[in-house]
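Numbering (my numbering), first residue to last: 42 to 398.
In what follows, a structure is listed as structure tokens, so that the remarks can point back to it.
Here it is as structure tokens:
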């Protein structure tokens with residue numbers, strides 16, 4: 042047999058080539074190993090090619106919280122229906138109550154802790170009741186929207202009868218909390234139920250459902266002061282209420298941008314669709330209005346300088362939300378929405394500082 046001499050360079054290249062192909066199956070994924078993300082809803086006119094699933098799906102992440110991991114299975118749909126496992130909305134309902142209660146406190150005094158505890162409990166209960174009402178209204182729409190199609194009523198995990206029964210329990214608990222307040226506050230608080238029921242319908246008839254949500258979620262700006270004094274100082278609470286509505290228009294418009302593609306397809310209206318590419322400059326205007334309303338309420342309540350210093354920080358937080366929001370990135374929008382608990386906390390701390398310092 043004749044042995045052919047090969048240079049060391051050629052031998053080295055051949056060895057490298059054999060090693061590459063021997064390990065190629067580890068370097069190149071097989072077809073069934075590639076995770077492909079498809080939009081759940083598509084039509085022949087809106088069909089997108091498959092995309093590599095390179096990031097976690099934020100809508101899927103919403104469905105995997107402590108409730109699914111630790112709660113009894115029978116309880117999970119009720120927790121999901123009430124959104125107790127997602128407390129961000131509870132903060133948005135709670136903070137206007139806290140702001141108003143702190144504004145109503147005597148100069149040099151902290152807000153009444155008993156009232157704060159009642160408002161915290163009531164906010165948790167009534168926010169969950171509002172979510173139940175919303176899902177009962179929106180069951181058919183929710184089935185068609187990627188972010189909401191696995192909600193308990195839309196998915197069939199709960200029936201309407203079960204939802205009605207659960208709502209009765211929630212409203213009874215909310216009434217029990219309300220009855221701990223003075224008669225004026227009870228009457229004022231009871232009128233908010235009309236807003237709670239009407240809000241889900243607004244997205245069918247107007248591009249401003251976020252304004253109705255603002256009127257609903259910020260009712261505590263009126264009730265907080267009334268719970269302390271048995272009446273309302275309108276020169277204080279009306280600017281506070283208007284500030285809260287403007288704040289809601291900021292955070293809920295950003296939130297609505299998550300669903301704008303599906304909302305447009307199924308006929309749901311929102312300020313996200315109305316404002317479109319002009320969202321950020323418009324929301325900067327609402328953010329400025331929110332800060333101005335808070336400043337007016339603080340001035341009418343004779344708050345001291347530390348309040349205005351803290352209010353400046355809250356304005357920066359709102360500006361950060363609006364101007365760093367990526368309107369086509371659900372993960373970014375979820376983060377901006379969730380950060381509003383800190384906006385509310387800054388305002389509350391500023392009011393308390395303006396009272397006691």
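Don't be surprised by glycine CBs; every beta carbon is placed ideally from N, CA and C.
| query | Going by the CB atoms, is the gap between residue 380 and residue 334 shorter than 8 Å? | reply | One-based indexing of the chain shown puts residue 334 at position 293. One-based indexing of the chain shown puts residue 380 at position 339. Not a contact, by the Cβ cut-off of 8 Å.
| said: Please identify the residue among 316, 365, 256 and 336 whose C-alpha is closest to the C-alpha of residue 353. | reply: Along the chain shown, one-based indexing puts residue 353 at 312. The residue with the shortest Cα to Cα distance from residue 353 is 336.
| task | Verify whether the separation of the beta carbon atoms of residue 332 and residue 356 is less than 8 Å. | result | Locating residue 332 in the chain shown gives position 291, where the first residue counts as 1. Locating residue 356 in the chain shown gives position 315, where the first residue counts as 1. In contact: residue 332 and residue 356 (Cβ atoms closer than 8 Å).
| field | Sequence-distant residues of the same chain with beta carbon closer than 7 Å to residue 165, five excluded per side | value | Walking along the chain shown from the start, residue 165 turns up at place 124. For residue 165, where only same-chain residues beyond five positions count, the Cβ hits under 7 Å are 131.
| request: Report the option in 262, 390, 267 and 297 whose CA atom is closest to the CA atom of residue 186. | output: Taking the chain shown and counting its residues from 1, the one referred to as residue 186 is at position 145. The option with the nearest alpha carbon to residue 186 is 297.
| task | Give a yes or no on whether the minimum CB-CB distance between residue 259 and chain C is below 8 Å. | result | Note that chain C does not occur in the displayed structure, where there is just one protein chain.
| request: With DSSP collapsed to three states, give me the class of residue 369. | output: Reading the chain shown from its first residue, position 328 is the one you call residue 369. Coil at residue 369, not helix or strand.
| field | Exposure of residue 204, with buried meaning 16 or more beta-carbon neighbours within 10 Å | value | Position 163 of the chain shown, counted from the start, is the residue given in the question as residue 204. Per the 10 Å Cβ criterion, buried.
| request: Have a look at 276, 120, 263 and 358 and flag the residue whose alpha-carbon is nearest the alpha-carbon of residue 142. | output: As a position in the chain shown, residue 142 is number 101, starting the count at 1. Measuring from the Cα of residue 142, the nearest candidate turns out to be 263.
| With distances taken between CB atoms, is the gap from residue 315 to residue 248 smaller than 8 Å? | Here residue 315 corresponds to residue number 274 of the chain shown, with the count starting at 1. Here residue 248 corresponds to residue number 207 of the chain shown, with the count starting at 1. Contact flag set, yes.
| said: I need the boundaries of the alpha helix (DSSP H) containing residue 270, first residue and last residue. | reply: Taking the first residue of the chain shown as position 1, residue 270 is located at position 229. Taken as a continuous stretch (DSSP letters only), the alpha helix (DSSP H) holding residue 270 covers 261-270.
| said: Give me, in chain order, the residues of the same chain whose beta-carbon lies closer than 8 Å to that of residue 374; leave out the 5 immediate sequence neighbours on both sides. | reply: As a position in the chain shown, residue 374 is number 333, starting the count at 1. The residues are 295, 296, 298, 299, 366, 367 and 368.
| said: If I measure Cβ to Cβ from residue 359 and keep anything under 8 Å in the same chain, skipping five residues before and after, which residues do I get? | reply: Within the chain shown, residue 359 is the residue found at index 318, counting from 1. Excluding residues within five positions, the ones whose Cβ falls inside 8 Å are 288, 291, 328, 331, 332 and 384.
| query | What does a CB cutoff of less than 7 Å around residue 363 pick up in its chain, not counting 5 residues either side in sequence? | reply | Residue mapping note: residue 363 aligns to position 322 of the chain shown, counting from 1. Excluding positions up to five away in sequence, the list reads 291, 321, 324, 325 and 328.
| query | From residue 269 to residue 144, what does the alpha carbon distance come to, in whole angstroms? | reply | Counted from its first residue, the chain shown places residue 269 at position 228. Counted from its first residue, the chain shown places residue 144 at position 103. Approximately 10 Å between the Cα atoms of the pair.
| said: Would residue 176 and residue 212 be called neighbours here (beta carbons separated by less than 8 Å)? | reply: The residue you call residue 176 lines up with position 135 of the chain shown. The residue you call residue 212 lines up with position 171 of the chain shown. In this structure, residue 212 does not lie closer than 8 Å to residue 176 by Cβ.
| request: Could you tell me whether the Cβ atoms of residue 410 and residue 208 are closer together than 8 Å? | output: Since the first and last residues shown for the chain are 42 and 398, residue 410 lies out of range.
| query | With C-beta atoms as the reference, is residue 391 less than 8 Å away from residue 348? | reply | Along the chain shown, read from residue 1 onward, the residue named residue 391 stands at position 350. Along the chain shown, read from residue 1 onward, the residue named residue 348 stands at position 307. A contact, by the Cβ cut-off of 8 Å.
| message | Please classify residue 136 as buried or exposed, where buried requires at least 16 neighbouring CB atoms within 10 angstroms. | response | As a first step, residue 136 is located in the chain shown; it is residue number 95 there, counting from the start. The C-beta of residue 136 has 16 or more other C-beta atoms within 10 Å across all chains shown, which makes the residue buried.
| For residue 395 versus residue 345, is the C-beta distance shorter than 8 Å? | One-based indexing of the chain shown puts residue 395 at position 354. One-based indexing of the chain shown puts residue 345 at position 304. Against a cut-off of 8 Å, the Cβ pair of residue 345 and residue 395 comes out as a contact.
| task | Would you check if the distance between the CB atom of residue 134 and the CB atom of residue 261 is smaller than 8 Å? | result | Position 93 of the chain shown holds residue 134. Position 220 of the chain shown holds residue 261. Cβ atoms of residue 134 and residue 261: closer than 8 Å.
| request: Let me know if residue 233 comes out buried or exposed under the rule of 16 or more other beta-carbons within 10 Å of its beta-carbon. | output: The residue labelled residue 233 in the question sits at position 192 within the chain shown. Buried, because 16 or more other Cβ atoms sit within 10 Å of the Cβ of residue 233.
| field | alpha helix (DSSP H) runs wholly inside the stretch 305-339, at least 4 long, in chain order | value | With a minimum length of 4 residues, the continuous alpha helix (DSSP H) runs that stay inside the stretch 305-339 are 312-316.
| Beta-carbon proximity of residue 8 to residue 219, cut-off 8 Å | Lying outside 42 to 398, the shown extent of the chain, residue 8 is not represented and no answer is given.
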